[in-house]
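What follows is a short report on a single structure.
Protein chains: 2
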Amino acid sequence: MTRRPTILDVAALAGVSKSTVSLVLQNSTQVKAETRDAVRAAMIEIGYVYNRAAAQMRSPSAGLVGLVINDLRNPFFTEFATVLQMTLAAKGYATVIANSDEDADLQAKLVGSMIEHGVSALVVSPAYGDGGDAFDQIERAGIPAMQVLRKTDPRTGLFPFSSFDYAAGSARATRHLMNQGAQRIAFVGGLEGRAITEERKSGYLAEIKRAGAEPFSLHGRSSRGFGLDAVDQLPDDVDAAVCFNDLVALGMLSGFARIGRNLGQDFRLVGFDDIEDCAQVWPQLSSVACDIDGFARATADGLLAWMRDGVTPPPEHRAPVELIARTSSTGRMP
Amino acid sequence: MTRRPTILDVAALAGVSKSTVSLVLQNSTQVKAETRDAVRAAMIEIGYVYNRAAAQMRSPSAGLVGLVINDLRNPFFTEFATVLQMTLAAKGYATVIANSDEDADLQAKLVGSMIEHGVSALVVSPAYGDGGDAFDQIERAGIPAMQVLRKTDPRTGLFPFSSFDYAAGSARATRHLMNQGAQRIAFVGGLEGRAITEERKSGYLAEIKRAGAEPFSLHGRSSRGFGLDAVDQLPDDVDAAVCFNDLVALGMLSGFARIGRNLGQDFRLVGFDDIEDCAQVWPQLSSVACDIDGFARATADGLLAWMRDGVTPPPEHRAPVELIARTSSTGRMP
DNA sequence: GCTTGGAATTGGAACGTTCCAGATTTAGCG
DNA sequence: CGCTAAATCTGGAACGTTCCAATTCCAAGC
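Heads up: the sequence lines are chains H and F, in that order. Going by the working numbering, the first residue of the first sequence is number 789, and it counts up by one from there. Going by the working numbering, the first residue of the second sequence is number 789, and it counts up by one from there.
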């Protein structure tokens, strides 16, 4: 097997200089159309593949974006990652996706590895815990980086934070349940003390307080399993719940099926995130919809503007959310 | 902002030559311990970050593995991708994950981009359709590459194929349903004509034929939505089903909840893949378990052996599967 | 003190691209 | 036809690392 062809080989075959080939590679306007075509033809004939490492050495702009996600198995994050990756791919950027699995140390390692690989920007949905290491590395490297969906680095402006207006969402859900006639509403799921839990809960608490009612909350892992068990631990007078996320709500939905309670009538339930499953279970699950696809696209666009034109995104941004009322809270069949 | 430090700067500070620094970088045994420590200290002091692009230029071994997945939103693939990435990360390899979204053209683009980025190996779960472009590119680049979970490139040996023994799994599931007393068993889900559908169905057909029974199948998208609707389209005498995958089965499970049929008694259901949700819905869903984590780890190990030691994996490998019987088919509560 | 051989270190070349400054060609115009 | 300006093209130099062959260092043995 022979050595990979380089632009030198292409140049020789096309009868031009390597500089011209380089210009063609960069779609420069200052090369004549017929020369360009000749060079392109030579590339194909010779089976040339671009050597990004060499290019990157000379001028460090990799066309590579790093994406570190705390829990890639969670459909919410998967959706985000997928759409972000595809949007960036459409603009010619490759995306390195990695899963930190809620491990701050692993997260730091992944970030380090990505920086070594020369990513030109990073998007991080940070793991809980001290993300200091990771963010310090990014700061030293001087790379544009955003915190999305979660914020663990407190310095404002350095790593712009972008997420959804969760508090407004849970407030909206709580009011909706009250309007449906719920007497006592619980908040279920999310690990206590964590920023997102508190944020999603804050809207609930505000509305409960405004109505002069008594709050009740049950905290734990944000999984179906937790939701499944949670139904047994609710006080008897609780007849509605706002869940930390859809996984918990879907778990509870299965839990009510188990104990034979009729969701949407005996009990009213609202999830959070509106993942695809919500409309595909029975009864259909009401949920606070976050437009992840739109959010991911906006993130990609903001990042591109930052990388290419130096336009720093606003230090903090919250995308609006929307309540999707379905059977599990209204009792009405679709 | 000043220029990034290089090994030259580190060398100057540590009072050694660049070659020595390079040796330290590679954990060479032939550098004295105290020199090594001095160099390491200098690196930290000066804030040195390794420039992989430069290294890669000189000796092309990127420590980068490409992973192209046909549908990253499917939990089955997400799990595989996640574990593969984490296993490789533990061995010092970064993974570029990309989603082709069942688009063969996009898949070819992604593969091309990864090759440009200098991946030292590729793992592809190919999109349906003509993956020729993608695989031809890989062949030209001469990179180790595996087809996993799906096979679209027919050439044997070039791109070793590794998957699960689906036929044995569906046969096992079908026998299990018969043993449970099912009278008429259907096969539900999967797009007709596709290799995996046929494979998963073949075990079912073989067992049905062996029992002298009449097969019945319902094909379509492998989603919860399809399963949800499928329950309305089953003939009345069908009292059990083997599903193409868990998503379809979970959809059917919701469908039976909707029409108030008692799963595990009126109807017996087995899914395929044993995704996490199976044990977290009600009733719990029986499923043919594929040990994805083990499979992903084995894939990573095989790939590493191939990359590092030139050990080609067997051209075709099928990992065993296991039936996990739960309430949806046995009627027994856990 | 001198030799010896292994351990430790070193300088230079090479990798394939981009960028720059200049060189060459082409086109337009009096 | 000669001049100028614009359009095109080109030959180094540079990027930061690794690899190789060569050199220096050091301790042990005589």
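Glycine included, each C-beta is placed from N, C-alpha and C at the ideal position. Treat the numbers as computed from the prediction; the structure is a model and nothing was measured.
Self-check item: Environment of F/Ser908 [buried if 16+ CB atoms lie within 10 Å]
Solution: If you number the second sequence from 1, residue 908 of chain F lands on position 120. F/Ser908 is buried by the Cβ-count criterion.
Self-check item: Residues within the segment 925-938 of chain F neighbouring chain H, beta-carbon criterion of under 9 Å
Solution: Listed by position along the chain: Gln925, Arg928, Ala929, Gly930.
Quiz item: Just checking, does the segment 949-963 of chain H make contact with the segment 983-990 of chain H on the three C-beta pairs under 8 Å criterion?
Solution: yes
Self-check item: Cβ of F/Arg840 within 9 Å of any chain H Cβ
Solution: The residue you call residue 840 of chain F lines up with position 52 of the second sequence. It does; some Cβ of chain H falls within 9 Å.
Quiz item: Hey, quick one: how far does the beta strand (DSSP E) through F/His1105 stretch, first residue to last?
Solution: Against the second sequence, residue 1105 of chain F aligns to sequence position 317. Residues 1104-1107.
Quiz item: Hey, does F/Pro914 have any beta-carbon neighbour from chain H nearer than 9 Å?
Solution: By 1-based counting over the second sequence, the position of residue 914 of chain F is 126. Not closer than 9 Å to any Cβ of chain H, the Cβ of F/Pro914 fails to qualify, so no.
Self-check item: Neighbourhood of F/Gly917 by C-beta, 7 Å cutoff - its chain only, sequence neighbours within 5 removed
Solution: Taking the second sequence and counting its residues from 1, the one referred to as residue 917 of chain F is at position 129. Excluding positions up to five away in sequence, the list reads Ala892.
Quiz item: Residues in its own chain within less than 7 Å of H/Phe1032 by CB, not counting five upstream and five downstream?
Solution: Here residue 1032 of chain H refers to the residue found at position 244 of the first sequence. Within its own chain, the residues whose Cβ lies closer than 7 Å to the Cβ of H/Phe1032, once the five positions on either side in sequence are excluded, are Val976, Gly977, Gly978, Thr985, Arg988, Ser1010, Phe1060, listed in chain order.
Exercise. Could you check how far apart the C-beta atoms of F/Asp1062 and F/Ser1042 are, in whole angstroms? I think they sit under 8 Å.
Key: Numbered from 1 along the second sequence, position 274 holds the residue referred to as residue 1062 of chain F. Numbered from 1 along the second sequence, position 254 holds the residue referred to as residue 1042 of chain F. No, F/Asp1062 and F/Ser1042 are not in contact; Cβ-Cβ is about 18 Å, not under 8 Å.
Practice problem: For the beta strand (DSSP E) containing H/Val936, list its first residue and its last residue. | Solution: Taking the first residue of the first sequence as position 1, residue 936 of chain H is located at position 148. Per DSSP, H/Val936 belongs to the beta strand (DSSP E) from 933-936.
Quiz prompt | Closest Cα partner of H/Ala830 within the set H/Arg982, H/Gln968, H/Leu796 | solution = The residue you call residue 830 of chain H lines up with position 42 of the first sequence. Among H/Arg982, H/Gln968, H/Leu796, the Cα nearest to that of H/Ala830 is on H/Leu796.
Quiz item: In whole angstroms, what is the alpha-carbon distance linking H/Gly1039 and H/Gly1015?
Solution: Counted from its first residue, the first sequence places residue 1039 of chain H at position 251. Counted from its first residue, the first sequence places residue 1015 of chain H at position 227. Cα-Cα distance, rounded: 4 Å.
Practice problem: Report the partner residues of H/Arg1056 according to the DSSP bridge assignment. | Solution: The residue labelled residue 1056 of chain H in the question sits at position 268 within the first sequence. H/Ala1028.
Exercise. Determine whether the Cβ of H/Arg1012 lies closer than 9 Å to any Cβ atom of chain F.
Key: Counting from 1 along the first sequence, the entry for residue 1012 of chain H is found at position 224. Output row for H/Arg1012: interface = yes.
Quiz prompt | Straight-line gap, H/Gln895 to H/Met902 (C-alpha atoms, nearest Å) | solution = In the first sequence, counting from the first residue as 1, residue 895 of chain H sits at position 107. In the first sequence, counting from the first residue as 1, residue 902 of chain H sits at position 114. Cα to Cα, H/Gln895 sits roughly 11 Å from H/Met902.
Self-check item: F/Met1040: contacting residues in chain H (beta-carbon distance under 9 Å)
Solution: Against the second sequence, residue 1040 of chain F aligns to sequence position 252. Per Cβ cutoff of 9 Å: no residues; F/Met1040 is ~10 Å from chain H at best.
Quiz item: Where does H/Asp859 sit, in a helix, a strand or coil, going by DSSP?
Solution: Counted from its first residue, the first sequence places residue 859 of chain H at position 71. Correct three-state label for H/Asp859: coil.
Self-check item: heavy atom of the ligand SAH below 8 Å from F/Met1040 C-beta
Solution: Annotation note on the ligand SAH: not contained in the displayed structure, which lists no ligands.
Exercise. Over the uninterrupted beta strand (DSSP E) stretch that includes H/Thr883, give me the two end residues.
Key: Position 95 of the first sequence holds residue 883 of chain H. Looking at the DSSP string, the run of the beta strand (DSSP E) that includes H/Thr883 is 882-887.
Self-check item: Cα-Cα separation between F/Thr817 and F/Leu801, rounded to whole angstroms
Solution: Residue 817 of chain F sits at position 29 when you count from the first residue of the second sequence. Residue 801 of chain F sits at position 13 when you count from the first residue of the second sequence. Going by the C-alpha atoms only, they are around 22 Å apart.
Exercise. Could you say which of F/Phe1004, F/Tyr881, F/Pro914 lies nearest to F/Lys897 if we only look at CA atoms?
Key: Here the question's residue 897 of chain F lines up with position 109 in the second sequence. The shortest C-alpha separation from F/Lys897 is found at F/Pro914.
Quiz item: Which stretch, first to last residue, makes up the beta strand (DSSP E) that contains H/Ala974?
Solution: For the purposes of this step, residue 974 of chain H is taken as residue 186 along the first sequence, with counting starting at 1. From DSSP, the beta strand (DSSP E) with H/Ala974 extends over 973-976.
Quiz item: Span of the alpha helix (DSSP H) holding F/Phe923?
Solution: Taking the second sequence and counting its residues from 1, the one referred to as residue 923 of chain F is at position 135. First-last of the alpha helix (DSSP H) with F/Phe923: 920-929.
Practice problem: Quick one: which residues of the segment 886-898 of chain F get their C-beta closer than 9 Å to a C-beta of chain H? List them in chain order. | Solution: Ala886, Asn887, Asp889, Leu894, Lys897, Leu898
Quiz prompt | Whole-angstrom distance between F/Thr883 and H/Lys939, CA atom to CA atom | solution = By 1-based counting over the first sequence, the position of residue 939 of chain H is 151. By 1-based counting over the second sequence, the position of residue 883 of chain F is 95. Their Cα atoms are separated by approximately 25 Å.
Self-check item: Limits of the unbroken alpha helix (DSSP H) element including H/Ser847
Solution: For this step, residue 847 of chain H is matched to residue 59 along the first sequence. That residue, H/Ser847, is in no alpha helix (DSSP H); it is neither H nor E in DSSP.
Quiz item: How should F/Gln844 be labelled, buried or exposed, when 16 other C-beta atoms within 10 angstroms of its C-beta is the threshold for buried?
Solution: Position 56 of the second sequence holds residue 844 of chain F. So F/Gln844 counts as buried.
Practice problem: Express the C-alpha separation of F/Phe868 and H/Gly969 in angstroms, rounding to a whole number. | Solution: Looking up residue 969 of chain H in the first sequence gives position 181. Looking up residue 868 of chain F in the second sequence gives position 80. Answer to the nearest angstrom: the Cα atoms are 44 Å apart.
Quiz item: Using a C-beta to C-beta distance shorter than 7 Å, which residues of chain F count as neighbours of H/Val837?
Solution: Here the question's residue 837 of chain H lines up with position 49 in the first sequence. From the beta-carbon of H/Val837, the residues of chain F found nearer than 7 Å are Ile903, Glu904, Ala929.
Quiz prompt | Proximity of H/Ala929 and F/Val837 at Cβ, strictly below 9 Å | solution = Taking the first sequence and counting its residues from 1, one reaches residue 929 of chain H at position 141. Taking the second sequence and counting its residues from 1, one reaches residue 837 of chain F at position 49. Yes, they are a contact pair.
Practice problem: Compare the beta carbon distance of F/Glu995 and F/Met966 with 9 Å and say whether it is the shorter of the two. | Solution: For the purposes of this step, residue 995 of chain F is taken as residue 207 along the second sequence, with counting starting at 1. For the purposes of this step, residue 966 of chain F is taken as residue 178 along the second sequence, with counting starting at 1. Contact: yes.
Quiz prompt | Whole-angstrom distance between F/Leu1022 and F/Phe1044, CA atom to CA atom | solution = Along the second sequence, one-based indexing puts residue 1044 of chain F at 256. Along the second sequence, one-based indexing puts residue 1022 of chain F at 234. Cα atoms of F/Phe1044 and F/Leu1022: separation of roughly 12 Å, rounded to the nearest angstrom.
Quiz prompt | In DSSP terms, what F/Phe1004 is bridged to | solution = As a first step, residue 1004 of chain F is located in the second sequence; it is residue number 216 there, counting from the start. Partner(s): F/Ala974.
Exercise. Report yes if the CB atom of H/Gly1082 is closer than 9 Å to the CB atom of F/Asn839, and no otherwise.
Key: Counting from one through the first sequence, the residue named residue 1082 of chain H turns up at place 294. Counting from one through the second sequence, the residue named residue 839 of chain F turns up at place 51. Cβ atoms of H/Gly1082 and F/Asn839: not closer than 9 Å.
Self-check item: Proximity to H/Gly920 [Cα-Cα], best of H/Leu937, H/Phe947, H/Glu904
Solution: Taking the first residue of the first sequence as position 1, residue 920 of chain H is located at position 132. Among H/Leu937, H/Phe947, H/Glu904, the Cα nearest to that of H/Gly920 is on H/Phe947.
Quiz prompt | Contact list for F/Asp874 against chain H, beta-carbon separation under 7 Å | solution = Taking the first residue of the second sequence as position 1, residue 874 of chain F is located at position 86. According to the sequence shown, residue 874 of chain F is Met rather than Asp. What F/Met874 touches in chain H: Asn887, Asp889.
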